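Visitor: Start counting the sequence shown at 1; every next residue gets the next number (full-length UniProt numbering).
The C-beta atom is built at its ideal place from N, Cα and C for all residues, glycine as well.
Being a predicted model, the structure only gives us computed values, none of them experimental.
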Amino acid sequence: MLDLACGAGRHARWLAAQGAQVTAVDRDTAALATLAASGLPGITPLAADLEPLEGTPWPLAGRQFDAVVITNYLWRPRLDEAVALLAPGGVLLHETFAQGHARFGRPSRPDFLLRPGELLALAQRHDLTVVAYEDGVLPDPPRRVQRIAALRKPAEFPPLPASLEFTDHKDLST
1 MLDLACGAGR
11 HARWLAAQGA
21 QVTAVDRDTA
31 ALATLAASGL
41 PGITPLAADL
51 EPLEGTPWPL
61 AGRQFDAVVI
71 TNYLWRPRLD
81 EAVALLAPGG
91 VLLHETFAQG
101 HARFGRPSRP
111 DFLLRPGELL
121 ALAQRHDLTV
131 VAYEDGVLPD
141 PPRRVQRIAA
151 LRKPAEFPPL
161 PASLEFTDHK
171 DLST
């Protein structure tokens with residue numbers, strides 16, 4: 001599993017406590033050091049700048065994860081690459097601030113707020129099956145968010161080789 005822009009690792013810690021193997025990525029090396037010092041098995045901290053200069057290689061290129069968790073983080077230039085990290089059958093869990101959040105505080109810049117339906121469009125672009133989606137105001141603390149749970153289709157099984165096909169069929173209904 002991948003906790004992208006994990007910060008102090010709240011989600012990585014919970015996932016690891018459930019028995020998951022989690023790669024926790026953030027650019028904050030101090031937060032990652034604290035996470036590593038927690039001693040929780042199953043967490044692999046990875047320091048990486050997710051907002052590098054244009055043309056910089058994606059630090060997770062070629063990897064796949066059963067789940068990609070992104071919370072309170074939005075960097076549009078890398079969003080499609082983050083979704084591409086989903087393994088067949090994998091789940092995307094993404095929640096972050098949406099337009100209309102400025103009345104509650106930061107972030108307030110449009111660059112850091114999801115546009116209406118943006119996570120749904122992301123799922124559609126990647127042919128993900130949406131399991132749950134919300135766009136609205138949440139209490140405690142008050143905030144305007146979008147959140148989505150979406151699944152990548154599982155890999156299809158290749159056809160059986162002719163040598164493994166059944167040639168003798170018995171009718172078990174009699």
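(1) Residues in its own chain within less than 6 angstroms of H15 by CB, not counting five upstream and five downstream?
(2) Would the stretch 67-75 count as touching the stretch 89-99 if we require 3 or more Cβ pairs under 8 angstroms?
(3) In the DSSP assignment, find the unbroken beta strand (DSSP E) run with L151 in it and report its ends.
(4) For P110, I'd like the list of residues in its chain whose CB is within less than 8 angstroms of its CB, leaving aside the five on either flank, ordered along the chain.
(5) Alpha carbon to alpha carbon, what distance is there between P154 and L92?
(6) Please name the residue, chosen from V130, R27, A36, that lies closest to D49 on a Cα-to-Cα basis.
(7) Let me know the beta strand (DSSP E) ranges lying completely inside the stretch 49-136, each 3 residues or longer, listed in chain order.
(8) Can you tell which of A149, V131, T56, G7 has its C-alpha closest to the C-alpha of P45?
(9) What are the boundary residues of the beta strand (DSSP E) that includes A24?
(10) For L32, does the three-state DSSP call read helix, strand or coil?
(11) R76 to V83, Cα distance in whole Å?
(12) Relative to the C-alpha of L122, which residue among H101, R147, A102 is closest?
(13) Looking only at C-alpha atoms, which of A33, T29, A24, D135 sits nearest to R115?
(14) Going by DSSP, what residue range makes up the alpha helix (DSSP H) through L15?
(15) For the beta strand (DSSP E) that A47 lies in, which residues bound it at each end?
(16) Which residue wins for smallest C-alpha separation from T56, given the options V131, A150, E81, L151?
Guide: With the structure as the only source:
(1) Here the sequence assigns Leu to residue 15, which means His is not the residue at that position. Hits under 6 angstroms: M1, V22.
(2) yes
(3) 143-151
(4) Q99
(5) 13 angstroms
(6) R27
(7) 65-71, 86-97
(8) G7
(9) 22-26
(10) helix
(11) 11 angstroms
(12) R147
(13) D135
(14) 10-17
(15) 43-47
(16) E81
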